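What follows is a single structure, written as structure tokens, with notes after it.
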Amino acid sequence: MYHGTAHTVGAHIDTDAIIPARFLVTTDPAELGANCMEGLEAGWIKKVKNGDIMVAGENFGCGSSREHAPVALLGAGIPVVIAHSFARIFYRNGFNMGLVLLEIGDDVSKIHDGDELKVDADTGVINNVTTGQTIQCKPVPPFMKGILDKGGLIPYVQDRLAERA
Amino acid sequence: MPATLAEKILQQHCDEQITGPGQIVRCRLSLVLANDITAPLAIKSFKKMGAAGVFDKDKVTIVADHFTPNKDIESAEQVKVCREFAKEMGITHYFEGGNVGVEHALLPELGLVGPGDVVIGADSHTCTYGGLGAFATGMGSTDVAAGMALGETWFKVPPTIQVILTGELRQWVGAKDLMLALIGTIGVSGALYKALEFVGPLASTLSVEGRMTMSNMAIEAGGKVGLFAADDKTLAYAAAHGRKGDKAIAADAGAAYERVVTIDATGMEPQIACPHLPDNVKPVSAVAGLKVDQAVIGSCTNGRIEDLREAAAILKGRKVSKDVRTIILPATPNIWRQALAEGLIETFMDAGCIVGPATCGPCLGGHMGILAGGERAIATTNRNFKGRMGSLESEVYLSGPAAAAAAAIAGEIIDPAKV
Chain S
27 MYHGTAHTVG AHIDTDAIIP ARFLVTTDPA ELGANCMEGL EAGWIKKVKN
77 GDIMVAGENF GCGSSREHAP VALLGAGIPV VIAHSFARIF YRNGFNMGLV
127 LLEIGDDVSK IHDGDELKVD ADTGVINNVT TGQTIQCKPV PPFMKGILDK
177 GGLIPYVQDR LAERA
Chain G
20 MPATLAEKIL QQHCDEQITG PGQIVRCRLS LVLANDITAP LAIKSFKKMG
70 AAGVFDKDKV TIVADHFTPN KDIESAEQVK VCREFAKEMG ITHYFEGGNV
120 GVEHALLPEL GLVGPGDVVI GADSHTCTYG GLGAFATGMG STDVAAGMAL
170 GETWFKVPPT IQVILTGELR QWVGAKDLML ALIGTIGVSG ALYKALEFVG
220 PLASTLSVEG RMTMSNMAIE AGGKVGLFAA DDKTLAYAAA HGRKGDKAIA
270 ADAGAAYERV VTIDATGMEP QIACPHLPDN VKPVSAVAGL KVDQAVIGSC
320 TNGRIEDLRE AAAILKGRKV SKDVRTIILP ATPNIWRQAL AEGLIETFMD
370 AGCIVGPATC GPCLGGHMGI LAGGERAIAT TNRNFKGRMG SLESEVYLSG
420 PAAAAAAAIA GEIIDPAKV
């Protein structure tokens with residue numbers, strides 16, 4: 027269960043906004059996290075507390091394939107992103123990195139900046155404590171759930187390698 | 020059942036029977052790539068996976084092209100990680116220094132990708148190879164690490180949008196303009212999770228290089244791949260670049276498309292994508308007169324020899340405005356050499372351009388042409404997100420090579436037909 031304050035951003039937030047290329051000279055989550063969202067607004071991340079939740083419009087994470095984007099969000103203490111929809115590469119990356127991604131379509135309008143949210147990642151239920159509303163996100167496809175159940179892509183690959191040995 | 024081009028290519032690399040969009044399949048990979056920004060993360064994940072080696076030393080490639088020639092100590096450290104990994108794994112196709120080119124111009128040129136291939140790359144513009152009839156898509160570093168270890172990955176079979184290209188291109192209008200027109204029509208998420216398949220009379224007429232320019236920007240519409248059928252032209256290109264045994268491949272007649280979009284080149288002006296999204300596309304006449312401080316001609320989108328020829332045709336015998344830094348980056352060493360042999364480099368130098376090495380550099384605001392606050396660039400690159408080329412207060416306008424060269428001369432955005 028995740029519990030935090032919602033920080034809303036608009037539609038088509040690209041990975042250059044999440045972590046500008048000039049910061050891609052490291053793979054360290056803390057360093058990347060310190061510069062998270064610098065491409066949207068200088069110092070944006072300063073308003074975020076550890077455990078807070080990002081809430082975005084359509085096509086979150088479009089653009090570059092940089093895995094540094096979900097790593098930066100995690101490094102900044104954001105464990106969950108809720109969006110209208112996600113860009114394809116970002117979705118896979120977030121999933122592989124253990125960032126919780128919830129796609130909720132038009133229901134995203136039911137969450138406002140500063141709302142207090144409780145998120146159950148297993149059931150996909152979002153409880154907006156501020157408004158009292160409950161939102162159910164779209165389920166994760168079974169194949170991807172299988173990877174999650176193994177503990178992510180890295181253990182999944184370890185198993186595949188073992189099957190071949 | 021008749022199959023789309025995406026389904027047909029995937030089927031050749033997969034043991035399960037593909038039945039349609041939404042199905043998740045495991046496919047064998049023809050090539051796996053990463054660059055100096057994404058490989059270090061991939062290597063980290065690869066080590067955690069505990070793989071003894073890469074699945075095939077000839078089918079994993081690392082191209083150090085983004086922050087190279089190394090722009091600072093941190094980038095140099097990242098390239099060192101790539102180099103040491105390539106040595107440790109015995110990777111055949113490692114590129115750094117004199118053999119390096121912008122990856123998506125380089126790998127087709129060396130015949131490392133071709134028709135019918137399935138390719139994943141830790142770079143979103145991996146979709147470029149769709150121009151050769153390859154199912155090629157960008158992924159993150161950890162997915163690519165898995166590909167390096169296993170030689171396979173999983174895909175959700177995408178639904179396909181068929182894009183019919185028709186009409187005739189007027190002078191100074193080309194593949195880039197067609198693609199910008201498409202992105203302007205369907206939007207930056209218009210092809211989200213989907214394949215684009217380019218067909219029609221104009222698709223056949225386009226050169227293989229032009230096709231790669233279009234496929235390159237499939238991701239700017241959110242697409243997974245942007246595919247052209249591999250025809251005689253593709254096979255000739257592949258053979259000329261040292262490949263053997265490639266076969267033509269096209270969609271089956273009667274395949275099911277989610278949507279059909281027609282892009283008609285009749286009367287089309289050069290297209291310009293305005294800040295700050297690639298779908299904010301306008302005809303050049305609508306933005307003519309806007310002053311520019313910098314012009315960039317290069318990148319995986321438009322840094323190939325045809326692009327340089329087009330720019331040189333505009334620049335020949337003219338001078339760029341003293342107020343416009345005009346940066347030309349031939350995308351590979353071979354393109355550089357060819358441009359030199361054809362006298363294009365001399366044309367650029369005579370016009371007052373800066374001719375630099377093959378690098379992604381300014382496209383992503385890395386180096387070699389960063390913008391200050393309040394500055395505006397016109398660029399043949401692929402993204403105009405806020406701050407993409409430098410300051411958050413700068414602007415990038417995307418265009419084809421002719422419009423960028425014309426703006427460099429005029430000091431402002433202008434229809435190349437008017438210079």
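Protein chains in written order, with the numbering used here: chain S, 27 to 191; chain G, 20 to 438.
The C-beta atom is built at its ideal place from N, Cα and C for all residues, glycine as well.
All of these numbers come straight from a predicted model, not from anything done at the bench.
key: Where the segment 37-70 of chain S meets chain G: residues whose CB sits under 9 Å from a CB there   = A37, H38, D40, T41, D42, A43, P46, A47, R48, L50, V51, T52, T53, E64, G65, L66, E67, A68
request  = Apply the 10 Å Cβ neighbour rule to S/E67 and answer buried if 16 or more other Cβ atoms are within range, or exposed otherwise.
outcome  = exposed
query = alpha helix (DSSP H) containing G/N412: first to last residue?
reply = Before going on, a small fix: residue 412 of chain G reads as Glu here, not Asn. First-last for G/E412: undefined, no H or E at that position.
task = Take G/E325 as the anchor and find which of G/M368, G/W191, G/D251 has the nearest alpha-carbon.
result = G/W191
inquiry  = Using beta carbons (cut-off 8 Å, strictly below), is G/Y212 in contact with chain S?
reply    = yes
request  = Could you say which of S/R190, S/F169, S/V81 lies nearest to S/I152 if we only look at CA atoms?
outcome  = S/V81
ask   = With a cut-off of 8 Å, does the C-beta of G/V176 fall near any C-beta of chain S?
value = no
Chain-ordered chain S contacts of G/P59 [CB-CB under 9 Å] = T52, T53
task = Specify the secondary structure class of S/M27 as computed by DSSP and reduced to three states.
result = coil
request  = Tell me where the alpha helix (DSSP H) around S/D194 begins and ends.
outcome  = The structure shown does not extend to residue 194 of chain S, since chain S is modelled only from 27 to 191, so the question has no answer here.
task = Give the residues of chain S in contact with G/W173, contact being defined as C-beta atoms less than 8 Å apart.
result = F169
key: chain G residues whose Cβ lies nearer than 8 Å to that of S/A113   = S208, L211, G241
ask   = Using a beta-carbon distance cut-off of less than 7 Å, what residues from the segment 174-187 of chain S approach chain G?
value = L179, I180, V183, Q184, R186, L187
task = Could you spell out the range, first to last residue, of the alpha helix (DSSP H) harbouring G/S123?
result = According to the sequence shown, residue 123 of chain G is His rather than Ser. 122-128 is the span of the alpha helix (DSSP H), which, as asked, contains G/H123.
message = Looking at chain G, is there any beta carbon in it that lies within less than 8 Å of the beta carbon of S/N85?
response = yes
query = Is there a Cβ from chain G that is less than 8 Å from the Cβ of S/C163?
reply = no
request  = Please report the Cβ distance between G/G140 and G/A53, rounded to the nearest whole angstrom; I am assuming they are in contact, meaning their Cβ atoms lie under 8 Å.
outcome  = 7 Å
key: Any alpha helix (DSSP H) of 4 or more consecutive residues that is wholly inside the segment 219-243 of chain G   = 220-224, 227-235
key: Contacts of S/N76 in chain G (Cβ-Cβ under 9 Å)   = Correct list: empty, because the minimum Cβ distance to chain G is about 23 Å.
query = What's the call for S/S135, buried or exposed, on a 16-neighbour Cβ count within 10 Å?
reply = exposed
query = Where does G/T285 sit, in a helix, a strand or coil, going by DSSP?
reply = coil
key: Rounded C-alpha distance that separates S/P96 from S/P181   = 19 Å
query = Quick one: does G/R278 have its CB under 8 Å from some CB of chain S?
reply = no
message = So that I know if they touch, is there some Cβ in chain S lying closer than 8 Å to that of G/A83?
response = no
task = Determine which residues of the segment 84-106 of chain S have a Cβ less than 9 Å from any Cβ of chain G, and write them out in chain order.
result = E84, N85, C88, G89, S90, S91, R92, E93, H94, A95, P96, V97
task = Out of G/S413, G/Y416, G/L327, state which residue places its alpha-carbon closest to the alpha-carbon of G/G375.
result = G/L327
ask   = Are the beta-carbon atoms belonging to G/G245 and G/L211 less than 8 Å from one another?
value = no
task = Confirm, please, whether the CB-CB distance from S/I79 to S/Y117 is below 8 Å.
result = no
message = Our contact map puts G/G392 next to G/E414 with C-beta atoms below 8 Å; I'd like the distance itself, whole angstroms only.
response = Actually they do not touch by this definition, with Cβ atoms about 10 Å apart.
inquiry  = What does the Cβ neighbour count give for G/Q313, buried or exposed, with the cut at 16 atoms within 10 Å?
reply    = buried
message = Alpha carbons only, please: which of S/L127, S/Q184, S/G158 is nearest the one belonging to S/G83?
response = S/L127
inquiry  = Please state the DSSP three-state secondary structure of G/Y113.
reply    = strand
query = Buried or exposed: S/L99, going by 16 or more other Cβ atoms within 10 Å of its Cβ?
reply = buried
request  = Compare the C-beta of G/A168 with all C-beta atoms of chain S and state if any pair is closer than 8 Å.
outcome  = yes
message = Taking the straight line between their C-alpha atoms, what separation do you get for G/I364 and S/L143?
response = 59 Å
key: Residue of G/V82, G/M108, G/V163 minimising C-alpha distance to G/Q97   = G/V82
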